Each structure stands twice: as structure tokens, then as C-alpha cells.
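For the sequence shown, UniProt numbering assigns the number 1 to the initial residue and increments by one for each residue that follows.
Here a beta-carbon is modelled for each residue, glycine too, at the ideal position from N, C-alpha and C.
Remember, it's a predicted structure, so these values are computed and weren't measured experimentally.
Accompanying notes for the structure given below.
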Amino acid sequence: MLKINAPNYLYCPFCKSQLAQREDEEIIRKYCPKCLWVYYPQAFDSVAAVITRNGKMLMVKRIREPFKNSWMFPGGFIEFGEHPEDTLKREVKEECGLKILQSKLIEVVQTSDDFRAPGNLVFFYKVKTSGRKIKTDNEENSDIRWFGIKKAPKIGWKSQKYILKKFFLDSKEE
Ligand SMILES: [Zn+2]
């Protein structure tokens, strides 16, 4: 279990009263003394696509913080109501200009290094795509490239480094 702090909300999102605290099943929780809403912190969810082809993997270069100018497996946050596979389809199209032929969930990794989303759960998928022409979204990324599995560029996220190591560094061929 990660030791992470949830966003420290001060007011009730429904009636705007100031939140109070009480013990609930041995956990200190914030709640609204007026409408009795209880704050149960939730982690964010996101997906990342490990797209491989001919022994190479596709990565994009981030334009923004966190980890500005580092490379990553393309992906993004799951929109409210979206299934992770829908997010995967959307992000692979937006960030790479490619269509998914096949996808398989490889692992869910919880992260502690994203200040925007404490405890973010990342659903990593291994993805096969169709289409030759790659094109990224220039509002999110400054570059997109295929890399040899043993020639990975500088990666920021711990979860992505972990997946790279686990699935690729030891693999002789993809
Ligand atoms: Zn309230």
C-alpha cells in the first residue's frame, strides 16, 4: 500500500459547509456535518499503451510537466464513465494517429510520482496497431518515435520505467 496524501478538501462539494473529521472504521475521514456527505478519497485512473512493431516500441515526448521533455508510452487519464479500453483507443488515435488491432492488459501499476493525481492507477496494455503513418498531438507532445527495445530514451514516470524493465530489457526479441 502506498503512503500518499489525498487532496485536502476543506468544504462540502454539495452544500459548501466546512468539513469536519471523525473516525470511521478506524480511519479518520472528513465529512460534512450539515448534509452528512463523507469524503472517501479515490485514486485517478489512466491507461498507457505499449505499442510494439518489428521489435520496436512507440513513444512520445512530453511537452508539459510532470516530467516535461521526457518520453513515455502514450496514454492518458480515463474520462469519467469511460472503460479503460475506450480510453486506450482514444489516446492511441490522438497521440499516435493509429488504430488498435489488438490489445491485452499487462499490468495495473499504482504511482506515487504524479502530483496531479496521487495514487494514480495506470492500466498498461500491450497494443498492436494498424497504419504506417504516425502523428502525435502537438498540444501534448513534441515528438513521436519508434525505439529499439534496448535503446529506450529518457523516461520520467516510475511506473513506465518499471514496465519497460519488466517486459523489455530482458527480452531478446519482441
Ligand atoms: Zn454538505
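- Assignment of K61 by DSSP, reduced to helix, strand and coil, places it in the strand class.
- One thing to note: N141 has its Cβ no nearer than 8 angstroms to the Cβ of K68.
- If you draw a 10 Å sphere on the C-beta of M72, you find 16 or more other C-beta atoms in it, and that means buried.
- Your pair Q18 and Y11 checks out as a contact, with CB atoms roughly 6 angstroms apart and the cut at 8 angstroms.
- Taking all protein chains in view, the Cβ of F124 is crowded by 16 or more other Cβ atoms within 10 Å, so the residue is classified as buried.
- Scanning its chain for C-beta atoms nearer than 6 angstroms, with the 5 sequence neighbours on each side dropped, one finds around D143 the residues K61, in chain order.
- Along the stretch 72-138, the beta strand (DSSP E) occurs as fully enclosed runs of 3 or more residues at 75-77, 99-110 and 121-130, listed in sequence order.
- DSSP lists no bridge partner for W37.
- Ligand 1 never approaches K30 closely enough for any of its heavy atoms to be under 7 angstroms from the residue's Cβ.
- For Q160, the enclosing alpha helix (DSSP H) starts and ends at K158 to L164.
- When secondary structure is reduced to three states using DSSP, F167 falls in the helix class.
- The alpha carbon of G97 has as its nearest neighbour, out of N138, I27, P84 and Q42, the alpha carbon of N138.
- Per the Cβ contact rule, the stretch 21-30 is not in contact with the stretch 113-122 (fewer than 3 Cβ pairs under 8 angstroms).
- Within 10 angstroms of the beta-carbon of K16 lie fewer than 16 other beta-carbons, which makes it exposed.
- Annotated three-state conformation of K154 is coil, per DSSP.
- Each residue's CA atom was taken as its position, placing A49 and E107 some 11 angstroms apart.
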